[in-house]
Amino acid sequence: MGKPSKGSELTTKSDKKLDKKLQFYTKVKDTVTSLSVQKDIGKKKKIRSRQKKLKAYDLSNLSEFLPEFNALQKSALPAPDLKMNCKRRQKLVLTEGERLNKVLDHPAFQADPVGSIFQHLQSQQPPVEEQPKKKTNINGSKKRNRRKGKAESMDF
Numbered sequence: 001m002g003k004p005s006k007g008s009e010l011t012t013k014s015d016k017k018l019d020k021k022l023q024f025y026t027k028v029k030d031t032v033t034s035l036s037v038q039k040d041i042g043k044k045k046k047i048r049s050r051q052k053k054l055k056a057y058d059l060s061n062l063s064e065f066l067p068e069f070n071a072l073q074k075s076a077l078p079a080p081d082l083k084m085n086c087k088r089r090q091k092l093v094l095t096e097g098e099r100l101n102k103v104l105d106h107p108a109f110q111a112d113p114v115g116s117i118f119q120h121l122q123s124q125q126p127p128v129e130e131q132p133k134k135k136t137n138i139n140g141s142k143k144r145n146r147r148k149g150k151a152e153s154m155d156f
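Count the sequence shown with full-length UniProt numbering and you get residues 1 to 156, in order.
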């Protein structure tokens, strides 16, 4: 529409500009597509590495040796997935609500709520390792004694 036709052999300045513009657009398009492909590959690698880390913590082999594990496995919640969406959140709310109702109906909780919560927390905590107490001096201070073998300055 805008180009005058002087002949097929002659290339005008506007034709050259148009060709350069088209080449530039194709280069930009190629780089954008290659970058998006690289980004997708990076995301896949991250997902694979996360799944490998989750496999490292897989304790399913111990289920043969632990008889109590089967009962706990049925009542335990599934492992948390990578992302929380609306459907998973609703499902989690329902399961936690059922768990709360079970706790509220438990006779030990009804008899002594605070005591049963305390007992539960005590059973969930890892055992505390006691550190040996530091020796104190005769007067009760915790200052260190000077080393006996310390080099002293020599006076001549």
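Glycine residues also receive a C-beta, built at the ideal position from the N, C-alpha and C atoms.
Since we're looking at a predicted model, the values are computed, not measured.
Next item on the list: Express the C-alpha separation of Gln-90 and Met-84 in angstroms, rounding to a whole number.
Entry: 10 Å
Notebook entry, point to check: In this structure, does DSSP put Pro-126 in helix, strand or coil?
Noted result: coil
Item checked: Rounded C-alpha distance that separates Val-103 from Pro-126 -> Going from the Cα of Val-103 to the Cα of Pro-126 covers about 22 Å.
Notebook entry, point to check: First and last residue of the alpha helix (DSSP H) that includes Asp-105?
Noted result: 86-105
Next item on the list: Please work out which residues of its chain come closer than 6 Å, Cβ to Cβ, to Leu-35, disregarding the five sequence neighbours upstream and downstream, and give them in chain order.
Entry: none
Checklist line | Whole-angstrom distance between Cys-86 and Phe-24, CA atom to CA atom | finding: 44 Å
Check: Roughly how many whole angstroms lie between the Cα atoms of Leu-121 and Asp-105?
Finding: 19 Å
Note to self: Could you compute how far the alpha carbon of Gln-124 sits from the alpha carbon of Phe-118?
What the structure shows: C-alpha separation (whole angstroms): 10 Å.
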